Structure formats: structure tokens, C-alpha cells
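Read through the structure below, which is laid out as C-alpha cells, and then see the notes.
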Amino acid sequence: MRKIVLYALEGAWNTGSVDGCQVLAIDENKEVLQNRLGLIAESQAGEYVMGHVWDGISEERRERHYEIRDDTGSWAQFNVTEHNVDISETLMGAIGREMEKVSRIKDIQEYLRSLYGSGDIEPGMPEDDEMSAGKTVPADGVRKAAYRIHKAGGCDAADSYSKGYDDAITLALDIIMEETGFGISEILDYGECD
Numbered sequence: 112m113r114k115i116v117l118y119a120l121e122g123a124w125n126t127g128s129v130d131g132c133q134v135l136a137i138d139e140n141k142e143v144l145q146n147r148l149g150l151i152a153e154s155q156a157g158e159y160v161m162g163h164v165w166d167g168i169s170e171e172r173r174e175r176h177y178e179i180r181d182d183t184g185s186w187a188q189f190n191v192t193e194h195n196v197d198i199s200e201t202l203m204g205a206i207g208r209e210m211e212k213v214s215r216i217k218d219i220q221e222y223l224r225s226l227y228g229s230g231d232i233e234p235g236m237p238e239d240d241e242m243s244a245g246k247t248v249p250a251d252g253v254r255k256a257a258y259r260i261h262k263a264g265g266c267d268a269a270d271s272y273s274k275g276y277d278d279a280i281t282l283a284l285d286i287i288m289e290e291t292g293f294g295i296s297e298i299l300d301y302g303e304c305d
């Protein structure tokens, strides 16, 4: 088991017509939840009390606490609480594998940006007047980029890092094919022209 600290934003409210309690968010960064708590305070818990009009209110605001009450007996209270959580190694492994996939996808995005930045993909202007303010990439440039992405991939990866990398390569190619209408054979044929 591995111990981590998580923060939870919890709320409870009762206005006579609306009664509820809920864990609104969980994060490892308490500042994120404190910012959300600030938004709740600014709206006087409007999202949770369904349009209740406060009459003769009293409010209490602290760094990790917000409470509002009124003369009708209606109230709402929100707190950011700290929790020490035990996470099993199995769960930590699953989380790690998912994070590796995300990391690989970011690597592919950076690779695509570098292709554009290095001039390997040249922007062109479309002929359609409605699109004349935007930029397009010539078909050969797209096929070249897709082919280079395909070559960067592997197959039959054994470790989780490489599997995540291969998944990101596949995702990048799928996006290109979906957005352009190119098939994998058109992309692979580009390599034969090199």
C-alpha cells in the first residue's frame, strides 16, 4: 500500500425546497479546490440552492470553509477537507499505465508541432474564399507527416512504456486519417515515393 494525501471539496445545503449533500471534487492540489470554493462563495452557493433568494443572510468565509445562512433557516456549507489515503500497488500500477499513455500522446503532439516548425510541413492558403483567412497543409505534407509518424512506431512492444508509445502513434495516425480521409495504404505508399 502507498499513502497519498488527497483533498476533497464537500458540501451540504438545505433551503426547504432543496436538500442535498455531495462530494463535489477531489484533487491532490488543495489550491484548485480552494479556488472552486471561492467561486461557490461568490455566487452564494447559487448552483446548489437552485435559485433560493437569501433573506437576512449571515456568511462565514475562511480559507477552506464557506457557510451561508438566512432568517428562514436555509443554509449551505462547503469545506475543503484533507484525507490520507492508502492506494494498493495494483491500483498505482493501473494509474501509472494510464499516465504513460497520456505522456506518449503529448510526445506525439510535440513531434507534430516540431514538424510544422521545422518546415517539413509547409502551410498553404486554401482556394476557397470562405477559408482564405485560415491555413491549410498540402496533401503531400500531410501524407509525409503521417508516414513519418508511422515509421516512428513499433510493434509487439513488451514493456508498458513502449505500449503507451505505440498506442499514441496509433491514435495520431487514426486522427490524421479521420480528419483527412486518407487510408493507411495512401500513407504507406508515400514512403515508396521517397
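Numbering (this note's numbering), first residue to last: 112 to 305.
All C-beta atoms, glycine included, are put in the ideal place defined by N, C-alpha and C.
This structure is a prediction, so every number in the text was calculated from the model and none was measured.
Between V191 and L144, the C-beta spacing is below 8 Å.
A straight line joining the alpha-carbon of D130 with that of I115 spans about 32 Å.
In terms of Cβ geometry, A256 and I280 do not form a close pair [threshold 8 Å].
Restricting attention to A250, D181 and N140, the CA atom closest to the CA of A156 is found in D181. Put simply, the backbone Cα of G127 is about 34 Å away from that of E139. Cβ neighbours of V196 within its own chain (closer than 8 Å, five residues either side excluded): K114, I115, V116 and L117. Residue environment for R254: buried (at least 16 other C-beta atoms within 10 angstroms of its C-beta). D166 has its alpha-carbon roughly 58 Å from the corresponding atom of T291. Distance from the CA of F293 to the CA of A136, rounded to the nearest whole angstrom, comes to 42 Å. Annotated three-state conformation of T183 is coil, per DSSP.
The Cβ atoms of A123 and H194 lie no closer than 8 Å to each other. For G131, the secondary structure class from DSSP, reduced to helix, strand or coil, is strand. Membership of R147 in any beta strand (DSSP E) is not indicated; the residue belongs instead to the alpha helix (DSSP H) covering K141 to E153.
In this structure, DSSP gives D300 a helical state, which the three-state scheme calls helix. In this structure L202 is exposed. Its beta-carbon is surrounded by fewer than 16 other beta-carbon atoms within 10 angstroms.
Looking at the backbone, the Cα of G162 and that of C132 are separated by about 17 Å. With contacts defined by Cβ atoms closer than 8 Å, H261 and L284 form a contacting pair.
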